[in-house]
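Here's the structure we're looking at; comments come further down.
2 protein chains.
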Amino acid sequence: MSDVARLAGVSIKTVSRVVNDEAGVHPATAERVLAAIERLGFRRNLSARNLRRGSSTGTLGVILEDVGNPFYSVLTRAVEEVARTQGRQVLTGSSDEDPGRERELALEFCARRVDGLIVVPAGMQHGYLVPEMQAGMPVVFVDRPAGDVVADTVLVDNIGGTADAVKHLAAQGHQRIAFFGDAPDIFTASERLRGFREGCARSGVRYSEELVFMGPHTEAGVAALLERALGGPEPATAVVSGNNRITVHMLRALYGRPARPALVGFDDFELADLLNPPISVVQHDASMLGRAAAELLFARLEGDSSPPRRVVLPTRLVARGSGEVRP
Amino acid sequence: MSDVARLAGVSIKTVSRVVNDEAGVHPATAERVLAAIERLGFRRNLSARNLRRGSSTGTLGVILEDVGNPFYSVLTRAVEEVARTQGRQVLTGSSDEDPGRERELALEFCARRVDGLIVVPAGMQHGYLVPEMQAGMPVVFVDRPAGDVVADTVLVDNIGGTADAVKHLAAQGHQRIAFFGDAPDIFTASERLRGFREGCARSGVRYSEELVFMGPHTEAGVAALLERALGGPEPATAVVSGNNRITVHMLRALYGRPARPALVGFDDFELADLLNPPISVVQHDASMLGRAAAELLFARLEGDSSPPRRVVLPTRLVARGSGEVRP
DNA sequence: CGCCCCGATGACAACGTTGTCTGGTTCCGG
DNA sequence: CCGGAACCAGACAACGTTGTCATCGGGGCG
Chain Z
1 MSDVARLAGV SIKTVSRVVN DEAGVHPATA ERVLAAIERL GFRRNLSARN
51 LRRGSSTGTL GVILEDVGNP FYSVLTRAVE EVARTQGRQV LTGSSDEDPG
101 RERELALEFC ARRVDGLIVV PAGMQHGYLV PEMQAGMPVV FVDRPAGDVV
151 ADTVLVDNIG GTADAVKHLA AQGHQRIAFF GDAPDIFTAS ERLRGFREGC
201 ARSGVRYSEE LVFMGPHTEA GVAALLERAL GGPEPATAVV SGNNRITVHM
251 LRALYGRPAR PALVGFDDFE LADLLNPPIS VVQHDASMLG RAAAELLFAR
301 LEGDSSPPRR VVLPTRLVAR GSGEVRP
Chain V
1 MSDVARLAGV SIKTVSRVVN DEAGVHPATA ERVLAAIERL GFRRNLSARN
51 LRRGSSTGTL GVILEDVGNP FYSVLTRAVE EVARTQGRQV LTGSSDEDPG
101 RERELALEFC ARRVDGLIVV PAGMQHGYLV PEMQAGMPVV FVDRPAGDVV
151 ADTVLVDNIG GTADAVKHLA AQGHQRIAFF GDAPDIFTAS ERLRGFREGC
201 ARSGVRYSEE LVFMGPHTEA GVAALLERAL GGPEPATAVV SGNNRITVHM
251 LRALYGRPAR PALVGFDDFE LADLLNPPIS VVQHDASMLG RAAAELLFAR
301 LEGDSSPPRR VVLPTRLVAR GSGEVRP
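Chains as they are written, first to last, in UniProt numbering: chain Z, 1 to 327; chain V, 1 to 327.
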């Protein structure tokens, strides 16, 4: 900036005035300054500006499990979309479900003075965020609640959705239904299991411990457990899958098998309708999750200080046929 | 910081020493300072720190078409992964293929003093980046070259990959092969068309203008053009699709049709192997694109000032069966 | 002619840090 | 008992901006 000032023969304050479109600069002076800016390729330093003005950094931090997972990337995109209307940029980070990594990212973002955080929490301890929140950092949790912090949270109706899946299968006459889910320490996994159990109760299906399989996260793992579920004296005739990754693993494991169990998966995924049979799913909207979270966050930034809210977005069972296939 | 200093009864410089783990602070003093930091929830302001130290901001800017598109989100994840090894964070932005939006994002990132930019360029004019690059901002273009700027670029072998697709189809006996691609002003689209033409020439397939369809980007659009390609006196018996979105649209348009043309798609996609028939694709690695770009960028940051490089990553034809289906 | 006001510009401090330099103890060896 | 090293701690300036206030002409008005 002082280079520009020297070249234009003015003080740096005048340059500042020009780059900020402040009134009261002689047109001819402004002209000279602009020419100097152009010639030197000057671009004002936003960090310094924000520091001096005490204004926001105009950034948002988004921490999720994996930026590369389509579900989260759609969520991120929705956040970005809302942020854009507010002239803010988005910093993203993947925690890989590692609480330590999440914490590291969150504190790093706080040190960068992001205006707010949107977090898909990993693990159950988020007390480390309390001081930040007390210091005025708005935090919204998405997809799962934080273990030990009360804050705005946006969830989907995991219980209702899974119960619907069971109901759908029961309506097709299935009585032996298996559930495959993520590790039970992940909120959505345990909620969906709960929904599964409730669904069984409501639909008059006998819930049996040995048809519940939590935690496999490789194709081989899913395949092995599936073998167990479909073997034995009383094999399962239908399966509820707890998330899209497990569903995909399962499809691979089932591929080419002559007799396939009926299947309903939690989370929709691209091409589910083009498979044979088309896969029925419990659908919900990652984009809406992101939008809701971002909107909650911006409300806080605009001064909303009402008690923390918990938004639960509905799910929708999309019957595509896989729920009707009989063994 | 001065609050902490006051509470601990020291000068702010001592606080600075403590938060920076500098040697030469009496343990008891450090203890007091740490306690004060804890009590006040102090977190040092990274922007101010970077400003003062003149060090990098520790951020990277990534601009791509759509953060929510799985292809780009995998790329982003790879960039993040490399950035992480260097202790840097990633700012992302979606251009939606709008050059104006891209420019806005890029300049905003520059004003924030990101350490470098990774850009999937939209449009053909990127001269606006020249001053920034001259001022020392390293820029790497991914997936497409910039129209009018020479800089590091990471591409995939669009021409070779598409030619392989044609070769594969020709080997199955196809002589009437259609090509569906993105709008021709998108680099990858025109390159792949070129590859298609070259493939035809090399494989002895007659290239015919009326079997080339560029630009449809809705399912209905693809369906309508497909109708044309498959109708008429000399219908196409095989189709090459120029990217994963078009492939998916095409699959929907073809779904349930009794006689399907043979199909090879550029870009692999999840579940392609589970469709019926499994879809043959020209596979390439978004993750590797991202990694290569990030590594080029970091090399520049470490002072590599060799002439701009152009890296072309190979593609691999994965024959899954859809190329062999005969009408 | 003198006054005041206004338009244009600049000097200076401050944002929250950290690098440099200096001042003050303490403790050791001579 | 003194010189000097070693150790701690603080004062001050600076990073690149912008907010506040002061300065300086010139022009309109009484």
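We put the beta carbon where it would ideally sit given N, CA and C, even for glycine.
Query, Result
"Assigned secondary structure, R17 of chain V (DSSP; H/G/I helix, E/B strand, else coil)", "helix"
"Within the stretch 98–172 of chain Z, ranges of the beta strand (DSSP E) (whole runs, at least 3 residues)", "116–119, 139–142 and 152–156"
"Three-state class that DSSP yields for P327 of chain V in the structure shown", "A caution first: P327 of chain V carries a pLDDT of 47, below 50, which makes its placement in the model too unreliable to give a value."
"Residue of V:V120, V:A151 and V:F141 minimising C-alpha distance to Q134 of chain V", "V:A151"
"Test: E219 of chain V CB closer than 9 angstroms to a CB of chain Z", "no"
"N- and C-terminal bounds of the alpha helix (DSSP H) containing V74 of chain Z", "P70 to T85"
"C-beta neighbour in chain V for Q125 of chain Z, strict 9 angstroms", "no"
"7 angstroms Cβ shell around F109 of chain Z - same chain, five flanking residues per side excluded", "G61, L91 and L117"
"Residue-chain proximity (P327 of chain Z, chain V), Cβ-Cβ < 9 angstroms", "In this prediction, P327 of chain Z scores a pLDDT of 47, lower than 50, which makes its location untrustworthy; no coordinate-derived value is stated."
"Segment limits, beta strand (DSSP E) that includes V90 of chain Z", "Q89 to S94"
"For A319 of chain Z, three-class secondary structure by DSSP", "coil"
"Strand pairing of F266 of chain Z, partner residues [DSSP]", "Z:V282"
"Cα-Cα separation, D21 of chain Z to V212 of chain V", "51 angstroms"
"Cβ pair R44 of chain Z, V19 of chain Z closer than 9 angstroms", "yes"
"Cut-off 6 angstroms between Cβ atoms - residues of its own chain near Y89 of chain V, not counting five sequence neighbours on either side", "Going by the sequence as given, residue 89 of chain V is Gln instead of Tyr. Excluding residues within five positions, the ones whose Cβ falls inside 6 angstroms are T59."
"Cross-strand partners of A178 of chain V (DSSP beta bridge)", "V:V239"
"Alpha carbon of H126 of chain Z to alpha carbon of T57 of chain V, nearest angstrom", "27 angstroms"
"Touch test, the stretch 271–289 of chain Z against the stretch 304–320 of chain Z, Cβ-Cβ under 8 angstroms, three pairs minimum", "yes"
"Among V:G290, V:L226 and V:P233, the one whose alpha carbon lies nearest that of A262 of chain V", "V:L226"
"Within 8 angstroms of chain V by C-beta, residues of the stretch 38–67 of chain Z in sequence order", "G41, R43, R44, N45, L46, S47, A48, N50, L51, T57, T59, D66 and V67"
"Reduced DSSP category for R206 of chain V - H, G, I as helix; E, B as strand; rest coil", "coil"
"Neighbourhood of Q172 of chain V by C-beta distance below 8 angstroms, restricted to the same chain and skipping five residues each side", "A238, A262, G323, E324 and R326"
"Spatial neighbours of V79 of chain Z in its chain, beta-carbon cut-off 8 angstroms, leaving aside the 5 residues before and after", "L60, V62, V90, I118, G290, R291, A293 and A294"
"Range of the contiguous alpha helix (DSSP H) that encloses M250 of chain Z", "N244 to L254"
"Amino acids of chain Z, ordered along the chain, whose beta-carbon sits closer than 9 angstroms to that of S241 of chain V", "In chain order: nothing, as chain Z lies at least about 14 angstroms away."
"Residue(s) in a DSSP beta bridge with L64 of chain V", "V:S94"
"Residue span of the alpha helix (DSSP H) that contains L40 of chain Z, given as start and end", "P27 to L40"
"Short Cβ contact (9 angstroms threshold) for E270 of chain Z with F269 of chain V", "yes"
"DSSP bridge partner residues for T218 of chain V (one or two, in chain order)", "The partner list for T218 of chain V (beta bridge, DSSP) is empty, contrary to what the question assumes."
"Residues from the stretch 133–149 of chain V in contact with chain Z, defined by Cβ distance under 8 angstroms", "Q134 and A135"
"Given R32 of chain V as reference, the closest of V:A48, V:T14 and V:P216 once Cα atoms are compared", "V:T14"
"Neighbour flag for F269 of chain V against chain Z, beta carbons, 9 angstroms", "yes"
"Contact between the stretch 183–192 of chain V and the stretch 131–150 of chain V (3+ Cβ pairs under 8 angstroms)", "yes"
"Contacting positions in the stretch 181–207 of chain V - beta carbon closer than 9 angstroms to chain Z", "none"
"Endpoints, the beta strand (DSSP E) within which R310 of chain Z is located", "R310 to L313"
"Assigned exposure category for E191 of chain Z - 16 Cβ within 10 Å defines buried", "buried"
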